[in-house]
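If you read the sequence shown in UniProt numbering, its first letter stands for residue 1, the second for the next number, and so on. Report on one structure; see the data block that follows.
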Amino acid sequence: MGALLMILALLMLPGVGFAYYYESGDQTPLLYSAFASFAIGATLFFSFSNQDQNIRKREGYLIVSLSWLFMSIFGMLPYLISGVVDNLPDAIFETVSGLTTTGATILTDIEATPKGILFWRSMTQWIGGLGIIVLTVAIFPLLGIGGIELFVAESPGPTSDKLHPRIRETAKRLWFVYIGLTVAVGVLYYVEGMNFYDAVNHALTTMATGGFSTKNDSMAYFSPIIQYTAIFFMFLSGTNFTLIYFGLTGRFKRVWHSDEFKAYVIALVIFLILLVGPVWYYSAEGFEKAFRDTLFQITSLITTTGYVTSDYTAYHSGLTLIFFMFLFLGASAGSTSGGIKFVRHLTFFKNSWLEFKRIVHPRAVVPLKINGDRVTGKIITHIMNFLLIYLMIFVVGSIVISLMGYDILTSFGAVATSLGNVGPAIGRVGPEDNFAFFDPFSKIFLSFLMLLGRLELFTILVLFTPYFWRAN
């Protein structure tokens, strides 16, 4: 955790350069925050560097959970010291929303936010996009600390593809892909008309599937060509980064061999075909804009990016419900997106379909296969439990928020978008709204749900079980 805080401090420094260049006056809060984070991180690191550094599974889960807590605490310092956010619940909410790439915000005038702080806001999403733990996995072995358990805890999804047998090499290659695509989309944004500052910020939040923007109107502020570019890179960000690596190295058969990727692509196409007509009819816009808005919002919600180009809640109540359901999809496992993930949905529906065959032929062995490989009963049980617990948390969370005095649509929307790390939802937290009106308790509660969703439930929930704390 000391190493993580030192890395976090260094990543605060680029915002100082923007603050000086734009004379926004927020360089001092960023410097103070970076100094405090680095000092405490260095103290932790060097004070305990001689201790037992054999990281086992329990230590891995604990380190990951506490690290996200520590990053949230120190990541909010720039907001508080600068005065951009004047209270603790709001600062926690904005920071956790950034680090978990949720994209929900309590800021009511984004364009009035100082440039350095606004850049740090985007940087928090880029840090959380692939997971700062994965970066540290590549660094820890150099420090004599094993990283496999951290990688497993940070990426608890049902897939276990590895680019390289050494976990450090896997993490490094994932980060090379992540950084390369971030640079690529930033260059395209700049060439297509964004200024340098906007291009850098949106590159960070696009690849992180985060959705924070430098504009109050989000992506609706920019030209159609920029929106199409965002659609393409949101799609890439929602793709398993292992498959992106295979594609970049020419192994295209490995890409299309993925059942999840095929389901991801086919679902996007089907949703576009089904929705573009109704959106065109109810929006009263030209066909090209209706097509672009439909494709943009489908991609943005499914990949949990959260950018907006139109208010999808203004079309029709039926369309609003369909867009709300997208909050529960998520894109691919192994991507920067949040949500349930397509591979879990695919496993659920395939297993449910095969169950009819098992009923008719009770003695037959009917295996479930994903990517041509048999899925073990243990994995199926894990996925079924995940889906059930996810639904239970959504229901209980919605009840909690509604008991705080908010209407049912707002409660459903706030909990679904926080747990799925999406951003916009329905009710009073729609595409054109923010979360500033929530009371302090609700903001802290929703922040907890964001962390829970980002670490895919079990990483945090296991800490609340007595089995975790029992001696070996």
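Just so you know, even glycine gets a beta-carbon here, dropped at the ideal spot from N, CA and C. The model shown is predicted, which means the values in this text are computed figures rather than measured ones.
Simplified DSSP state of residue i, which is helix, strand or coil
i	result
I393	helix
P114	coil
E192	coil
T182	helix
T100	coil
I73	helix
A199	helix
E456	coil
H316	coil
G129	helix
A208	coil
I401	helix
P424	coil
P440	helix
L388	helix
G430	coil
L150	Legend: pLDDT at L150 = 48, less than 50; position of this residue unreliable, value from coordinates given subsequently. Residue state, collapsed to three classes: helix.
S213	coil
Beta bridge counterpart(s) of residue i as assigned by DSSP
i	result
I273	DSSP, once it has assigned bridges, lists no residue as partnering I273.
D373	I370
Sequence-distant residues of the same chain with beta carbon closer than 8 Å to residue i, five excluded per side
i	result
V265	none
V395	none
K253	none
H316	P278, Y282
W469	none
I226	Y189, E192, G193, M194, M219
I370	D259, E260, V343, L346, T347, K350
L463	Y61, L62, S65
Enclosing alpha helix (DSSP H) for residue i [first to last residue]
i	result
M219	Premise fails: M219 is in no alpha helix (DSSP H) and is neither H nor E.
S332	It is not in any alpha helix (DSSP H) - S332 carries neither H nor E in the DSSP assignment.
S37	27-47
R254	252-256
D311	Where D311 is concerned, there is no enclosing alpha helix (DSSP H), given that its DSSP letter is neither H nor E.
A3	2-22
G247	241-248
T417	408-419
F235	224-237
R341	According to the sequence provided, residue 341 is Lys. The question's Arg does not apply to it. Per DSSP, K341 belongs to no alpha helix (DSSP H) and is neither H nor E.
A298	Residue identity check: residue 298 is Ile in the sequence provided, not Ala. That run of the alpha helix (DSSP H) goes 287-302.
F464	Per DSSP, F464 belongs to no alpha helix (DSSP H) and is neither H nor E.
Among the options, nearest to residue i - alpha-carbon criterion
i	options	result
L188	D259, G238, V200	V200
Y245	S447, A42, L181	L181
S447	D433, F241, S418	S418
L69	F45, T459, G430	T459
I401	T376, P440, L463	P440
residue 474	L88, F445, G238, E111	Since the first residue of the chain shown is 1 and the last is 472, residue 474 is not available in this structure.
L272	L368, F326, I383, I110	F326
G128	Y221, A208, L174	A208
R292	F45, G453, G423, F222	F222
L301	I117, I399, A267, G334	A267
F438	P466, L403, E456	L403
V343	R363, T320, L368, L274	L368
A314	F74, L77, A425, S218	A425
I117	F356, Y79, L88	Y79
L455	E432, M392, F386, I444	F386
D420	F328, E288, T206	Correcting the residue identity first, residue 420 is Gly in this sequence and not Asp. Among F328, E288, T206, the Cα nearest to that of G420 is on F328.
M76	A290, S122, S335, N50	S122
G339	W175, K115, G377, L391	L391
G372	S335, P114, H257	H257
G397	P431, L452, R363	L452
T43	W120, L4, L62, V183	L4
S213	T465, L461, P431, R251	P431
Y20	L236, F435, S442, K115	K115
7 Å Cβ shell around residue i - same chain, five flanking residues per side excluded
i	result
L13	A34
I81	P29, Y32, S33
T410	G427, R428, V429
L66	M1
G423	T102, G103, A104, G211, G306, T417
S72	I92, T95, V96, L99
Own chain, CB closer than 6 Å to residue i, minus 5 neighbours either side, in chain order
i	result
G210	T101, G103, Q125
F38	M6, A9
G413	A425, I426, G427, V429
E111	N216
V185	A203, T206, F233
I444	P89
V366	L354, K357, R358
L143	The predicted position of L143 is uncertain, since its pLDDT is 45 and thus under 50; no value can be drawn from it.
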